[in-house]
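**Q** Below you'll find the structure I mean.
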Amino acid sequence: MAERSFKKEVEVLRLGANQVFTGEAILAVTKALLECGVSYVGGYQGAPISHLMDVLADAKPILDELGVHFENSASEAAAAAMLSTSMHYPVRGAVTWKSTVGTNVASDALANLASGGVTGGALIVIGEDYGEGSSIMQERTHPFAMKSQIWLLDPRPNTQSIVDAVRHGFELSEASHTPVMLEMRIRACHVHGSYVTQDNVRPKFTLEDARNHPRRDTERIVLPPASFSHEFEKIEQRLPAAIKYIKDNGLNEIFDGDLSEIGIIAQGGLYNGVISALRALGLADVYGETRVPLYSMNVTYPQVPDEIEDFCRGKKAVLVVEEGYPEYIEQAINTILRRAKIDTPLMGKGCLPEAGEYTAGVLIAGFRKFMTEAGLEAAMTPLPAPPASQKEVMANLATGIPPRPPGFCTGCPERPIFSAMRLAQDELGERHVAADIGCHLFSSMPPFNIGASTMGYGLGAASAAGLNIGKGKRSIAVMGDGGFWHNGLSSGVANAVFNKSDDVIVLVDNFYTSATGGQDILSSRATNTFRSTKHPLEEAVKGVGVEWVKRIDHTYNVNSMRDVLKDALTTKAPGPKVVIASSECMLNRQRREKPLVRKAINDGKRTVQEKFGVDEDICTGDHACMRISGCPSLTLKESNDPLKDDPVASVDSSCVACGHCGEVADAAILCPSFYRADTIHNPSKLDTFLAPLRKKFITWLQARRHSRRLSEASSAIAGEAR
Amino acid sequence: MSASLSNDQPIAIAIMALGGQGGGVMQSWLVTLAEQQGWIAQSTSVPGVAQRTGATVYYVEMIGKAAKRPVLSLMPIPGMVDVVVAAEWMEAGRAIQRGFVTPDRTCLIASTHRQFSVAEKTVPGDGSMDPQVVRVAADASAKEVFAADMAALAEENGSVISASMFGAIAASGALPFPREAFEEAIRSQGVGVNASLKAFAAGYDAVSPAAAKPLEMTASSAAVYTSERRMSGGTAEQQAAFAALQKRIERDLPPVAHDMAQTGLARVVDFQDTAYGEEYLARLQRIHTLDQQNGGEARNFTATQEAAKYIAAAMTYRDVIRVADLKIRASRFDRIRKDVKASDEQIVAMTEFLHPRVEEIAEMLPRKMARRIENSRFLSGLIDKLFAGGKRVRTDSLRGFAMLYMLSGLRRMRMRSMRHYRESNHIDAWMRMTVDILPQDYDLATEVIRCRRLIKGYSDTHARGMSKYDKVMQGVMKLRGRPDAAEWTERLRRLALKDVDGKELDGALKTIASFESSPAR
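Each protein sequence line maps, in turn, to chains R and W. -6 is the number of the first residue of the first sequence in the working numbering; add one for each residue after it. 611 is the number of the first residue of the second sequence in the working numbering; add one for each residue after it.
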C-alpha cells in the first residue's frame, strides 16, 4: 500500500476459533475468506470494497503462512479472469470490485467462466454502489447474474449473516459448479458489528500443486461444441443443484408473524430496513419480531419456487420489496405463482416506487399503502401529526440550504490543472472536454464547469474519438493515472496514435490511484516490496508511439500549466498531444506528512510551516479568486469594515499551503491580496543572524513613516479585532 | 405468534457532516462509548466520494443488551431519530429538511459556524445564505436545540470539531452515560487524546445550561468594527488639522451621519493626507446641502449617510501605491503573526503575490508621462519587460520591504498621477449625476450613490465592475422620471452582483429598454 498502513486491521485477520471479531463488515468478509480456505484473492479497488483490497495488500505475512496468493489486479476484467484457476483445480478463489461498473468491465471473463463452470469455489464479492453516497450510474448487478447464470447472494446486512454467506457462497459454488456473487450494499460494507471467528484454514490442494500438475479439460473451454453443451448443463444440472443446496441449507429465511393473511418478500440486503420501517408502523420490534410474515430472500438469483409457493399460498396479498428497476424478482415470482396456479395478489412496484433507493421513509410510505390496500390499516400506529409550521419551514429550507456536492479537497493538485484549463480556454476559446472517472471529474461542477462527458474508467480519451476529424478547435480529453493503467493506455492513448488523432490528452498523475484511497499502480513513486512500481507514464505513452509528450511536475504552477496546455492546443506537431500533469494527492500526502512535520519540530529540526492568507484591507470582496479556485479553505469572511458591503476572502486554518490561490491570483492577474506566511521552527544560525537585522531595518522604516503621516487606527486597517 | 412486541427502542443518532470534518472519528467514539457501557451499537456511513468535501450522514443506533440480538437500522428513519449532530449550521437545516428532526423526540446539537459552499462563495456580491432560516426551522422542529460555535472551540484547543461536538453531546444529556464515560471513549481511541479532551470540555461547557445564552445569529463570527476615531502617528500639525476636520463633521453634518463620516474621513486621510480629507468633506457637504434642501430630514438624511460611505470608498481607490502602503505596515505584520499563531520570538517570512500590469504602472505616473507610455507601443513594451508581470516579493527581507516602501512613498506625487485624474473624473461624473437627480427624485439619487458598490476588484475584475456600473448608469438614465426608477435601480444593482457575466443584469436592462416604447405603468 502506498499511503496508509492497515496493520491494525491485519491483526484482526489472525483471530482464531471462538474469538470475537468487531469491526466493519467488509473486513469481516476478508477474515471469512481466510476461514474458508481461500487459495487466491484478486480484485480492483473502489468504494465500498477498497478496504478488502487494502487490508490484504498489507497482510502479506499472514497470507504467506496460509499459502494464499493475493493480486492487485489491473482491472476487474483481470480479476475475473483470475477465477479461471478454479475451473480445473479444486481451489477456492475470491475476487472483488465496485459494481455495476466493475461488473461491466469484468463481464467478458465472467461470461466465459460461468459458461465453462468451476471445480473449486469461485466467489465474487460485489460492492453494490447504489443509492445515497454512490458515485456511479444507478443500475443493478442482478441482470448480470441472470444473463450468465451466476448465483447471487444478498445476505441480511449484519456481520454474522454476511460471514455465513461467504461460507455458503463457496459451498454453493462447488455444489453447483457455478461462480457465485456475494452482493453487499454501501452501508452493509461499512456496518460496524461483530461475530465469533473460526481458525483460518490452509488450503489442502495448494497453488503449487496446481502449477506442478497442470490439468486441462476441453469440455470446460468455451469452444464449440462444448459451448453449446454448457448452456444445457447450466439449466439441467447446475441450476437444480443450486436450488437443492439453497433449500437444504435454509439460505433463505422466513420470519413468521400473526398477520398471516399477508406477507412480505424482501431482498435479504433490505431486511434491516424492512424491520425498521415495520417498527415505525408498530408492526415489528427492535428484536426482529414482526407481525407481518416475512420471507427474506438471501439468494436473489436463482429463486426457489417451492419456498415462494408455500409462502404465498392462501395469502390475501404479498408485497415484494425489491430495490431498483426493472423488477426482475417480482416478475419471476409472478411467473412462479402463475405456473403453480396460485392467485395470491402480488404487489411491489406500485406500492413502492419504481426507481430510487428504498430509504426508511420510502419503505414506511410503501408499507402504509400496502397495509391500507390489504385492509389492515387499523393494525398500524397512526402517523403523528406534523407540526403546524412544518410546511412553511420546509419551503424556506428548500431554497435556503446550499447544495453541497463533493469537490476537490483543500490543496488538491488537480484544482490548478482546471484553473489553468479555464484560463487557457479564456484565451483560446471553449473546447470540447471529455472527462473521465476519478476525482478530476469534479471539474465538471462549479466553479470550473469543465467536462462534457464521462464514459467509464480510463475511457476519457476514447470518448473524444468521435470528434477526431483533424479540423476545427482541438478537443481535450482528461484521464487519471488509475484509468490510464486500467485500460486507458490502449483504449485511449494507443487508439489515438493509431487513428492519427490531432487532439490533446491530459493525464492526471497523482503518484497512485487517489480516488479509491491511494493504492499503488505501475507508475506509483513509492517503493513497494511486493509490487513493481516507478514505471513512468511518459515511457508508456512514448512506447505506444506518442511523439508530443510534455510533463509538468508541479501542477500548482498555474502559469506553466496554462502555457503547456496552450502549447498542446496550438502546436503544429502531428498526432495526439499528451500532457502529463503530476503532483501528489494532497489528502494522502497530508496523512503521511503531518505526523512527520510534528516529529521534525519536536526533534528540533529546522521546519518551515507555510500558510496562505488574504489581506482583508486589500481585498475588495469581488470573489474572483473563488470563482477560479473553489478551494474549501479559501472562503468568505464578513468584513468588519463599514465601508465594505460584501464579505471579503479569507484563508481558514485548514490551508495546507499548496499555493494555488496565490498562483491563480498571479496567473489570472486577479489581485495583490494574497500572501504566504512561513513560520520557521527551530531556526538555523543564518536565520537567527538575519532576522534581527531585518527586523531592525524594517521597524526603523515603519517608525519613520509612521511619524510622518497619519494612520488609521481602526480595526479595518489594523485588524486589531481579530 | 408475535402479537406482543417489545417496546424497547434503540437510541438513534444521525451525524450530519462534511467530508473531511472527521465525522467518522465521532462515530467511532460513539460506538466505543456504547460498547464500553455494555450496550450494543451499530454504525454505518456512506463514505466514497462524499469524503471529498460533500455533505454526508453517519448513523449510529445503540441499545442496551437483552436476551435477543437487536435488528438495527442502517439509515436514519424520518421521525425516529433521537439525536441529530450537525457539524455545520446549514447541515442542521439539511437534517430538518430530510425529516430527521421532529418535535416529539429529536435533540439537535449543532455548530453555529458556517462553512460556505461553492455556490455561496462564487457570487460577486454577498452570496452567503441566511442562517436565520435554519434557526427558525430548528426551533420549530426540534425538541431541544444545543448550539455553539464548535469549530472555534475546537481550533482554540488545537483539536478537531468532532471533539467539541462530542462534548456537546455529553452535555446535552441525550445519551444515558456520564461525562466520564465519554472521556474514557476518547482515551481508549488513543489519538491526540489531550487536545481532544480539552476541546471536549470546551464543547461540554459551551452548551451546559449554566453557560447557554441566547443565540446571536450572524453570517460569521467576524469581529465588530471599532472606530476609535483617532489617527495614530504623524506630526502635531497633522493631528491638529485632522482634529479640525473631525470638528467640522460634528458641526456641519447631522448626528445620524457622524459615525460613517468619521470613518470615511479617517480612511481618506489614511489614504493620502488631511488636505485630501478636506476634499472629502467638501464633496460630502455638497450632497448634504442638497439633501437638506430636499426634505432629507424626513428621510433621516439617507443620501448624506450613503454618500459618507461611498465617497470615501471611491476616493480610496486601490492603486499600486495604496497596496504597497497597506502591505508594509507594522499593524499588518502583527496581524499575520497572529493569524499563523507565531510566538514572539518566532521568525515569520512573508511572500506577496503581486502581478502589476503596464496599465497600473503607467497610471502611477504623472498624466503626461502616463499618456506617452500608453500611446507608445515601444514604451509600454519596455515597461512591461522591466517592471510588469508576476512577482514574488518577500516583505520580511530588506530588498522586498525597501521596494514596497519606496513605492508607497510615491504617495506624495499621487495627486498628479494619471490614476488619480481618472478616478477623480469618475467620482465627479457620479456626483454630478447624483446632484442632478436628487432634487427630482431623492430615492433614485440615493440608489445612484449606492451603485458605487459595483466597482471593486483589480485589473479585469475592476474593468468588469466598471462596465457593470456603466450599464446600470445607462439604465438609470432611461429610468429617470419614472415613479419606480429607484426600485428598478436597486434591482439592477442586485442583479449585477449576482453573477459574473451579468446575464441577469442584461436581461433586466432589456426590459427597461422596452419601457421607452410603452408609457410608465
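C-beta: ideal position from N, C-alpha, C; glycine also.
Could you tell me how far apart the beta carbons of W:Gly629 and R:Pro399 are, in whole angstroms, since I believe they sit closer than 8 Å?
**A** Contact holds; Cβ gap of about 6 Å.
**Q** Can you tell me whether R:Ile462 is buried or exposed, with buried defined as 16 or more other CB within 10 angstroms of its CB?
**A** Looking at its Cβ environment, which holds fewer than 16 other Cβ atoms inside 10 Å, R:Ile462 is exposed.
**Q** Are the Cβ atoms of W:Phe881 and W:Arg932 separated by less than 8 Å?
**A** Yes. Within cutoff.
**Q** Nearest-angstrom Cα distance between W:Tyr1031 and W:Glu969?
**A** Those two C-alpha atoms are separated by around 14 Å.
**Q** For R:Val717, which residues in the same chain have their Cβ closer than 8 Å to its Cβ, ignoring the five residues on either side in sequence?
**A** Outside the displayed range of chain R (-6 to 715) lies residue 717 of chain R, so it cannot be described from this structure.
**Q** So, helix, strand or coil for R:Cys305, using DSSP?
**A** Of the three classes helix, strand and coil, the one that applies to R:Cys305 here is helix, per DSSP.
**Q** Quick check on DSSP: helix, strand or coil for W:Thr828?
**A** Reliability of the predicted coordinates at W:Thr828 is poor, the pLDDT of 48 falling under 50, and no value is obtained from them.
**Q** Do the CB positions of R:Ala18 and R:Ala181 come within less than 8 Å of each other?
**A** Cβ atoms of R:Ala18 and R:Ala181: closer than 8 Å.
**Q** Thinking R:Asp502 and W:Leu615 are a contact (beta carbons under 8 Å), I'd like their distance in whole angstroms, please.
**A** Their Cβ separation, rounded to whole angstroms, is 58 Å, which puts R:Asp502 and W:Leu615 out of contact at 8 Å.
**Q** Does the region 614 to 630 of chain R come into contact with the region 579 to 594 of chain R, if we say contact requires no fewer than three beta-carbon pairs (one atom in each stretch) closer than 8 Å?
**A** Counting Cβ pairs under 8 Å, fewer than three are found: no touch.
**Q** Quick one: list the residues of chain W neighbouring R:Asp608, beta-carbon separation under 8 Å, in chain order.
**A** The answer, in chain order, is Leu936, Lys937, Arg942.
**Q** Quick one: measure Cβ to Cβ for R:Ile514 and R:Gly475, integer angstroms, because I've assumed they're closer than 8 Å.
**A** Correct: roughly 6 Å between the Cβ atoms.
**Q** Taking the beta strand (DSSP E) that R:Gly16 falls in, what are its first and last residues?
**A** It spans 13 to 17 - the beta strand (DSSP E) in which R:Gly16 sits, taken as one unbroken run.
**Q** Residue ranges of each alpha helix (DSSP H) run of no fewer than 4 residues wholly in the region 1058 to 1104 of chain W, ordered along the chain?
**A** Whole alpha helix (DSSP H) segments, 4+ residues: 1069 to 1089.
**Q** With a threshold of 7 Å on Cβ separation, who are the neighbours of W:Thr836 within its own chain once the five nearest residues in sequence on each side are excluded?
**A** With a pLDDT of only 46 at W:Thr836, under the threshold of 50, the placement of this residue in the model should not be trusted; the figure read from the coordinates follows. Excluding residues within five positions, none has a Cβ falling inside 7 Å.
**Q** Note down, in chain order, each residue of its chain lying with its Cβ closer than 6 Å to the Cβ of W:Ala812, except the 5 sequence neighbours on either side.
**A** Contacts found: Leu763, Asn767, Ser774.
**Q** Does any CB atom of chain R fall closer than 8 Å to the CB of W:Arg565?
**A** As shown, chain W starts at 611 and ends at 1131. That puts residue 565 of chain W outside it, with no answer to give.
**Q** Given that a residue counts as buried once 16 or more other Cβ atoms are within 10 Å of its Cβ, and exposed if not, what is R:Thr520?
**A** Exposed is the call here.
**Q** The alpha helix (DSSP H) that contains R:Phe605, what's its start and end?
**A** Premise fails: R:Phe605 lies in the beta strand (DSSP E), 600 to 607, not in any alpha helix (DSSP H).
**Q** Just to confirm, does R:Ile394 get its C-beta within under 7 Å of one of the non-hydrogen atoms of the ligand ADP?
**A** Inclusion of the ligand ADP in the displayed structure is not the case, the ligand content being empty and no account of it being possible.
**Q** Starting from R:Lys630 and walking both ways along the beta strand (DSSP E), at which residues does that stretch end?
**A** Note, R:Lys630: beta strand (DSSP E), 627 to 630.
**Q** Would the region 312 to 322 of chain R count as touching the region 252 to 259 of chain R if we require 3 or more Cβ pairs under 8 Å?
**A** Flag = yes, the region 312 to 322 of chain R and the region 252 to 259 of chain R touch.
**Q** Which runs of the beta strand (DSSP E) fall wholly inside the region 406 to 466 of chain R and span at least 3 residues, in chain order?
**A** Entirely contained in the region 406 to 466 of chain R, the beta strand (DSSP E) runs reaching 3 residues are, in chain order, 426 to 428.
**Q** Using a C-beta cutoff of 8 Å, does W:Pro713 count as contacting chain R?
**A** Yes, its Cβ sits closer than 8 Å to a Cβ of chain R.
**Q** Taking R:Tyr450 as the reference, which of R:Arg7, R:Phe(-1), R:Leu59, R:Gly95 has the closest Cα?
**A** Answer by Cα proximity: R:Gly95.
**Q** Cβ atoms of R:Pro665 and W:Phe710: under 8 Å apart, would you say?
**A** For W:Phe710 and R:Pro665, no; Cβs fall outside 8 Å.
**Q** Would the beta-carbon of R:Ile430 fall within 8 Å of that of W:Val656?
**A** No, they are not a contact pair.
**Q** Against R:Ala650, what residues of chain W qualify as contacts under a CB-to-CB distance less than 7 Å, listed in chain order?
**A** Neighbours of R:Ala650 on chain W: none; closest Cβ ~10 Å, over 7 Å.
**Q** Rounded to whole angstroms, what's the CA-CA distance from R:Met(-6) to R:Glu69? Just pull it up for me.
**A** Residue placement at R:Met(-6) cannot be trusted, given a pLDDT of 40 that sits under 50; what the coordinates show is reported in the next sentence. Cα to Cα, R:Met(-6) sits roughly 19 Å from R:Glu69.
**Q** In chain W, which residues lie less than 9 Å from R:Tyr505 when you measure between Cβ atoms?
**A** Correct list: empty, because the minimum Cβ distance to chain W is about 16 Å.
**Q** Does chain R have any CB closer than 8 Å to the CB of W:Gln956?
**A** Closer than 8 Å to some Cβ of chain R, the Cβ of W:Gln956 qualifies, so yes.
**Q** Whose CA, out of W:Val1086, W:Pro864, W:Glu1033, W:Leu684, lies closest to the CA of W:Leu1048?
**A** Cα-wise, what sits closest to W:Leu1048 is W:Val1086.
**Q** Can you tell me which of the three DSSP states R:Leu356 falls into?
**A** Helix, per DSSP.
**Q** Look at the alpha carbon of R:Leu452 and the alpha carbon of R:Ile129, and state the distance between them as a whole number of angstroms.
**A** Their Cα atoms are separated by approximately 15 Å.
**Q** Please report the straight-line C-alpha distance between R:Asp251 and R:Gly35, rounded to a whole angstrom.
**A** Each residue's alpha carbon lies about 46 Å from the other.
**Q** Taking 8 Å as the CB-CB limit, is W:Val950 close to chain R?
**A** Yes, because at least one Cβ of chain R sits closer than 8 Å to the Cβ of W:Val950.
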